[in-house]
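Going down the list, the protein sequences come from chains D and V.
The C-terminal position of the first sequence is numbered 253 in the numbering used here, with every residue numbered one higher than the one before it.
The C-terminal position of the second sequence is numbered 1290 in the numbering used here, with every residue numbered one higher than the one before it.
Note that CB positions come from ideal geometry on N, CA and C, so glycine has one too.
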Amino acid sequence: MTTLPPPPAKKLGLVIDLDTCVGCHACVIACKSWNTQNYGAPLGDLDPYGAAPQGAFLNRVHSYEVQPEQGAAQLVHFPKSCLHCDDAPCVTVCPTGASYKRAEDGIVLVNEDACIGCGLCAWACPYGAREMDPVAKVMKKCTLCVDRIYNENLPEIDREPACVRTCPSGARHFGDLADPASDVSQLVAARGGFDLMPEMGTRPVNKYLPPRPRDTMPAYDVLGPLLTPVADTPKGFLGWLDRALARLPGADG
Amino acid sequence: MHPAPSVIVFSTLSGAGFGLLVWLGLGLPAVTGWAAFGLFALAYVLAVGGLIAATLHLGHPERAWRAFSQWRTSWLSREGVAAVACLIVMAAYGAGLVFWGTRLAALGWLGAGLALFTVLTTAMIYAQLKAVPRWHHWSTPALLLLLSLGGGAVLSGQNLPAALLLLAAAGVQLYWWQDGDLRFARAGTTLASATGLGPIGSVRAFEPPHTGPNYLLTEMAFQIGRRHAGNLRSMALTFGYGVPILLMLAPQSPWLTAIAALAHLSGILVSRWLFFAQAEHVVALYYGKH
Chain D
1 MTTLPPPPAK KLGLVIDLDT CVGCHACVIA CKSWNTQNYG APLGDLDPYG AAPQGAFLNR
61 VHSYEVQPEQ GAAQLVHFPK SCLHCDDAPC VTVCPTGASY KRAEDGIVLV NEDACIGCGL
121 CAWACPYGAR EMDPVAKVMK KCTLCVDRIY NENLPEIDRE PACVRTCPSG ARHFGDLADP
181 ASDVSQLVAA RGGFDLMPEM GTRPVNKYLP PRPRDTMPAY DVLGPLLTPV ADTPKGFLGW
241 LDRALARLPG ADG
Chain V
1001 MHPAPSVIVF STLSGAGFGL LVWLGLGLPA VTGWAAFGLF ALAYVLAVGG LIAATLHLGH
1061 PERAWRAFSQ WRTSWLSREG VAAVACLIVM AAYGAGLVFW GTRLAALGWL GAGLALFTVL
1121 TTAMIYAQLK AVPRWHHWST PALLLLLSLG GGAVLSGQNL PAALLLLAAA GVQLYWWQDG
1181 DLRFARAGTT LASATGLGPI GSVRAFEPPH TGPNYLLTEM AFQIGRRHAG NLRSMALTFG
1241 YGVPILLMLA PQSPWLTAIA ALAHLSGILV SRWLFFAQAE HVVALYYGKH
């Protein structure tokens, strides 16, 4: 059903730390790998080993340069995937009911057997979170690894999205954002987590944490006073050499 | 947005076809027998041909029947339901006119209403999309409804209404273009709000996530041909509106009607191409485009 459910008691989602993301794209590869080998149609590619490869991905990492008013520019790596919005415009536009938002945990999914591949949901999403599979001709999107997080065949440590599990810098966090006591909610509160494109009214579940302000060098000089030059004017042979060189025409004076 | 030929042809032809059905449903012109057959056949070729063209756009046309199910929330589903309901009602109404020479007026009004509602649903598919600010405006359904009624009036030989409706449509079209050029800025979505990095400083796309093309770029960041937009707008205005309005003001003749209809449809095809090609999706911001 494409009618959005009432606000779910549980809102599973990601918190992405733009301060610690190093832009390694490991989450992109882990996502592509898991979602090609497991739930649903494999994530298709066209010409994967040829001159112009392209394919469907559920997670992509952009990089942005941010130039503050003062000081040096900052490079911010920016992973982007489905934000599992509370007010998901992609769900309500679907003509077949293939797109839906789960009432129990708020995950937005596509039933690929009912998808006609019209692409309207991808148009409705302001974030570019949905991509048409070029081979299966159905809409693909982040499932929040719904086939991992509840999967009792996996060791407990692996029951989180593949992107979170693989992130080497701890920049991705998974949890229940409806529970104010959860780790992710506390992280969002402590770090000032924000929504992408709040003006679009989609009320995303996923949050982003801003880069921390850069450190500044201390204004005082600890070692300087201990390292004053022993002799300002050289004496002896070096003194004579210094005076002799200073008398030559090319000297600085 | 990518100007998919199937969708451009669909919306132009079916718009005119459903517009013609509105006039036929109202009994204008009051035709029976073979004359009615000809007009109904034309309307069905345009409307159904457009619908078939639209299904070519689908990844899985064999599942298209599922699209009748989500009319509670989806304008695309409503379009499917309304189009089929209209075509069934108008088939019964048309059969009365063609085979029995009887006009079932109530059925005609119902069919006309359904035809107009079908055009509205088509327009709302675009107007509902907040992520495409140029489309997300009341003037989008206003333009498509006026065009459908005007085009239908041309095809049904209702000369004076056709001239007046196309004149009104031309006004809305000009407003839609002028105001549409400002809507992206007015929506307030920028790379700063898209990334949330605005409070730190000015944001610039440094490196894209992938070196090749992808679905998002080909579908939603279409940029070819925008530099010809001025010329194409003039062409659309001349052929889609100017020529048919003048011909509709001349004394009625089947030849002039045919020329007016061809000019109108070709002009509207150009206008519809621009409708897509000039529409900017906010996702292009993430790629540093726009």
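If we ignore side chains and look at the alpha-carbon of each, how far apart do residue i and residue j end up?
| i | j | result |
| --- | --- | --- |
| Arg-191(D) | Val-138(D) | 38 Å |
| Leu-209(D) | Pro-1199(V) | 13 Å |
| Tyr-64(D) | Val-1270(V) | 37 Å |
| Trp-1273(V) | Leu-1097(V) | 37 Å |
| His-1210(V) | Gly-170(D) | 23 Å |
| Asp-195(D) | Lys-207(D) | 6 Å |
| Gly-1171(V) | Pro-53(D) | 46 Å |
| Ala-162(D) | Arg-148(D) | 8 Å |
| Ser-1139(V) | Asp-45(D) | 40 Å |
| Gly-55(D) | Glu-152(D) | 31 Å |
| His-1281(V) | Phe-1184(V) | 9 Å |
| Arg-165(D) | Ile-157(D) | 8 Å |
| Val-1007(V) | Pro-211(D) | 43 Å |
| Glu-1079(V) | Thr-1012(V) | 15 Å |
| Pro-1251(V) | Val-1154(V) | 13 Å |
| Gly-71(D) | Asn-111(D) | 49 Å |
Among residues of its own chain, excluding the 5 on either side of residue i, which ones have a beta-carbon nearer than 7 Å to its beta-carbon?
| i | result |
| --- | --- |
| Ala-1064(V) | Thr-1055, Leu-1058 |
| Trp-1177(V) | Arg-1233 |
| Ala-1074(V) | As written in the sequence, residue 1074(V) is Ser, which differs from the Ala given in the question. Excluding positions up to five away in sequence, the list is empty. |
| Arg-203(D) | Cys-85, Asp-86, Asp-87 |
| Ser-1014(V) | Leu-1046, Ala-1047, Gly-1050, Leu-1051 |
| Leu-1337(V) | This structure leaves residue 1337(V) out entirely; chain V is present only between 1001 and 1290. |
Assuming contact is defined by CB atoms lying nearer than 7 Å, are residue i and residue j in contact in what I supplied?
| i | j | result |
| --- | --- | --- |
| His-257(D) | Cys-21(D) | Since the first and last residues shown for chain D are 1 and 253, residue 257(D) lies out of range. |
| Asp-105(D) | Lys-10(D) | yes |
| Phe-1018(V) | Ala-1047(V) | yes |
| Gly-1240(V) | Ile-1268(V) | yes |
| Arg-1066(V) | Thr-92(D) | no |
| Leu-1129(V) | Trp-34(D) | no |
| Gly-1188(V) | Glu-69(D) | no |
| Val-1081(V) | Phe-1068(V) | yes |
| Ala-1142(V) | Leu-1114(V) | no |
| Ala-90(D) | Cys-121(D) | According to the sequence provided, residue 90(D) is Cys. The question's Ala does not apply to it. Yes. Within cutoff. |
| Ala-1194(V) | Met-217(D) | no |
| Leu-1216(V) | Val-1283(V) | yes |
| Val-1119(V) | Ala-1053(V) | no |
Go through its chain and collect everything with a Cβ distance to residue i's Cβ below 6 Å, but skip five positions before and after it.
| i | result |
| --- | --- |
| Cys-167(D) | Cys-27 |
| Arg-102(D) | none |
| Gly-1180(V) | Arg-1134 |
| Pro-1213(V) | none |
| Cys-31(D) | Leu-58, Asn-59, Ala-162, Cys-163 |
| Gly-1288(V) | Ala-1205 |
| Ser-1266(V) | Phe-1239 |
| His-62(D) | Phe-78 |
Quick one: is residue i buried, meaning 16 or more other Cβ sit within 10 Å of its Cβ, or exposed?
| i | result |
| --- | --- |
| Thr-3(D) | exposed |
| Met-1126(V) | The residue you asked about is not Met; residue 1126(V) is Tyr in the sequence shown. Tyr-1126(V) is buried by the Cβ-count criterion. |
| Lys-235(D) | exposed |
| Pro-155(D) | exposed |
| Val-222(D) | exposed |
| Asn-59(D) | buried |
| Gln-1173(V) | buried |
| Gly-224(D) | exposed |
| Ser-1253(V) | exposed |
| Pro-180(D) | exposed |
| Asn-1159(V) | buried |
| Tyr-150(D) | exposed |
| Gly-1150(V) | buried |
| Gln-186(D) | exposed |
| Trp-1100(V) | exposed |
| Asp-242(D) | exposed |
| Gln-1070(V) | buried |
Where DSSP assigns a beta bridge to residue i, which residues make up the other side?
| i | result |
| --- | --- |
| Val-1283(V) | Looking at the DSSP assignment, Val-1283(V) forms no beta bridge with any residue, so it has no partner. |
| Ile-16(D) | Arg-172(D), Tyr-208(D) |
| Val-66(D) | Gln-74(D), Val-1203(V) |
| Phe-194(D) | Tyr-208(D) |
| Tyr-100(D) | Leu-109(D) |
| Asn-59(D) | Ser-81(D) |
| Asp-45(D) | Gly-55(D) |
If I measure Cβ to Cβ from residue i and keep anything under 8 Å in the same chain, skipping five residues before and after, which residues do I get?
| i | result |
| --- | --- |
| Val-146(D) | Tyr-39, Ile-107, Leu-109 |
| Cys-118(D) | Pro-95 |
| Phe-1222(V) | Met-1001, His-1002, Pro-1003, Phe-1276, Ala-1277 |
| Glu-160(D) | Cys-145, Arg-148, Ile-149, Phe-174 |
| Tyr-1175(V) | Ser-1139 |
Less than 6 Å between the CB of residue i and some heavy atom of the ligand NAP, yes or no?
| i | result |
| --- | --- |
| Glu-65(D) | This structure lacks the ligand NAP; in fact it carries no ligand of any kind. |
With 8 Å as the limit, tell me which residues of the segment 1199-1211 of chain V have their beta carbon closer than that to any beta carbon of chain A; keep them in chain order. The displayed structure is made up of protein chains D and V, and chain A is not among them.
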